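J.:
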Amino acid sequence: QALNGQTEKRANSKKNKIVLGFAQVGTESSWRLANTKSVIEAAKEADIELVYDNAEQSQEKQIEIIRRFIKQKVDVIAFSPKTETGWETVLQEAKEAGIPVILSDREVNVSDDTLWTAYIGSDMTDEGRRAADWLVKNVREKEQYRIIELQGTEKSAPALGRKKGFDEVIRQYSQYELLSSYYGDYTLQSGRLIMERALQQYGDRIDIVYSHNDDMALGAIQAIEDYGLAPGKDMILISIDATRPAFQAMAAGKLNMAVECNPLLGPQLMKAVRDLMDGKDLPMKIITAEGLFPMETAKRELHNRDF
Ligand code: GZL
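According to full-length UniProt numbering, the sequence shown is numbered sequentially starting from 323.
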């Protein structure tokens with residue numbers, strides 16, 4: 323049945339446009355909005371019919387959207403999984419319907435890796451390592467540095483990877499101590515609330531804030547200023563994503579460094595979809611190259627950033 327379904331669908335898509343179902347995780351951050359824009363524009367560019375929906379950070383809703391795509395018999399499904407786990411059942415249903423699934427931006431942790439065809443995104447653990455490497459090389463004058471970590475969505479691949487990579491490096495240096503780590507959800511609001519809590523708990527004992535994304539870092543900046551301290555000076559702040567608002571905060575001297583996480587995955591996703599429909603084999607993982615930007619480069623870089 324699956325084979326026939328696949329052949330029939332392939333034939334169908336040969337006649338018409340390829341139909342891609344994309345289940346986006348939410349609208350939580352500047353990075354996410356840039357990622358969505360990239361997918362929508364690249365689908366148009368590639369003449370692929372995009373059926374798009376947004377789960378507003380709900381895994382149940384994301385599963386519902388994927389089920390709807392299966393019913394609609396789209397040719398390919400792509401999604402950015404909110405968390406790493408909880409996908410076996412719906413991915414099994416897609417497999418039985420003969421619909422390949424591409425993971426966009428975030429990975430899943432499933433017992434059977436044939437349930438997904440390819441992952442297009444960043445190496446999140448490497449992003450965490452790069453953040454810590456920059457710290458140990460550039461923030462080292464004092465005997466002791468106490469760190470607060472603002473994590474992204476619990477059990478999401480970027481939160482797990484960015485924590486793992488950061489910890490791997492920091493634990494090699496006794497002068498850095500992780501005071502506490504809190505879960506946010508990549509939004510500005512959650513960053514502010516967490517930082518308020520951390521300031522109540524630790525006050526000006528905090529030397530460094532490591533935020534898993536820019537939006538939470540911007541919220542932390544507001545909380546630190548409300549507390550009466552100068553972010554970027556009284557406390558070192560580092561973040562991941564390197565979106566435009568991060569460059570503005572660095573140019574204002576309130577953020578010290580941003581690790582790049584590339585949201586412009588649309589073109590790579592559409593190429594993978596087209597290759598898949600042409601019967602080509604896809605590499606399991608397509609990792610995007612990324613850099614990092616210290617505060618000093620912000621003013622110059624700001625003009626080059628369009629997201
Ligand atoms: C990372 C992506 C994360 C971003 C956040 O690839 O999944 O989700 O770092 C976004 O800004 O909300």
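All residues carry an ideal CB built from backbone N, CA and C; glycine is no exception.
Small disclaimer: the values here were computed from a predicted structure and weren't measured.
Going by C-alpha distance, which of 463, 625, 404, 382 is nearest residue 566?
T.: 625
J.: I need the straight-line Cα distance from residue 380 to residue 426, nearest angstrom please.
T.: Approximately 17 angstroms between the Cα atoms of the pair.
J.: Leaving out the 5 sequence neighbours to the left and right, which residues in its chain are closer than 6 angstroms to residue 520 when beta-carbon positions are compared?
T.: 470
J.: Assuming residue 471 is part of the beta strand (DSSP E), what are its boundary residues?
T.: 467-473
J.: Look up residue 562 in the DSSP assignment and say whether it is helix, strand or coil.
T.: Residue 562 falls in the strand class under three-state DSSP.
J.: How far does the beta strand (DSSP E) with residue 343 in it extend, from its first residue to its last?
T.: 341-346
J.: Quick one: what does DSSP say residue 460 is sitting in, helix, strand or coil?
T.: helix
J.: Pull up the distance between the alpha-carbon of residue 582 and that of residue 430, whole angstroms please.
T.: 22 angstroms
J.: What did DSSP end up calling residue 375 once you bin it into helix, strand or coil?
T.: strand
J.: Quick check: the stretch 346-364 against the stretch 609-627, are at least 3 beta-carbon pairs closer than 8 angstroms?
T.: no
J.: Is residue 376 near the ligand GZL, judged by its Cβ being under 7 angstroms from some heavy atom?
T.: no
J.: Could you tell me the alpha carbon to alpha carbon distance between residue 461 and residue 604, rounded to whole angstroms?
T.: 41 angstroms
J.: Would residue 442 and residue 587 be called neighbours here (beta carbons separated by less than 8 angstroms)?
T.: In this structure, residue 587 lies closer than 8 angstroms to residue 442 by Cβ.
J.: Residue 501 and residue 532: beta carbons closer than 8 angstroms?
T.: no
J.: Between the Cα of residue 428 and those of 401, 436, 451, spot the shortest distance and give me the residue it belongs to.
T.: Closest by alpha carbon: 401.
J.: Does the separation of the CB atoms of residue 562 and residue 484 fall below 8 angstroms?
T.: In this structure, residue 562 sits near residue 484, with a CB-CB distance shorter than 8 angstroms.
J.: With respect to 7 angstroms, is the separation between the Cβ of residue 406 and the closest non-hydrogen atom of the ligand GZL below this value?
T.: Shortest gap from the CB of residue 406 to any heavy atom of the ligand GZL: 7 angstroms or more.
J.: Suppose the cutoff is 7 angstroms on Cβ atoms and the five residues either side in sequence are ignored; what does the same chain contact list for residue 466 look like?
T.: For residue 466, where only same-chain residues beyond five positions count, the Cβ hits under 7 angstroms are 497, 499.
J.: Could you tell me which whole beta strand (DSSP E) segments of length 3 or greater appear in the stretch 497-545?
T.: 498-505, 530-533
J.: What does the Cβ neighbour count give for residue 517, buried or exposed, with the cut at 16 atoms within 10 Å?
T.: buried
J.: Hey, would you say the C-beta of residue 452 is under 7 angstroms away from at least one heavy atom of the ligand GZL?
T.: Flag unset: Cβ of residue 452 not near the ligand GZL.
J.: List in chain order: all unbroken alpha helix (DSSP H) runs of 4+ residues lying wholly within the stretch 400-448.
T.: 410-418
J.: Tell me which residues share the same chain as residue 454 and place their Cβ nearer than 6 angstroms to its Cβ, disregarding the 5 neighbours each side in the sequence.
T.: 488, 491, 492
J.: Output needed for residue 383: all residues of its chain with C-beta closer than 7 angstroms, excluding positions within five of it in sequence on either side, in chain order.
T.: 377
J.: Return the CA-CA distance between residue 527 and residue 593, expressed in angstroms with no decimal places.
T.: 49 angstroms
J.: Look at the alpha carbon of residue 374 and the alpha carbon of residue 411, and state the distance between them as a whole number of angstroms.
T.: 21 angstroms
J.: Using only alpha-carbon positions, find the residue among 596, 348, 590 that is nearest to residue 610.
T.: 590
J.: Taking all protein chains shown into account, decide if residue 444 is buried (16 or more other Cβ within 10 angstroms of its Cβ) or exposed.
T.: buried
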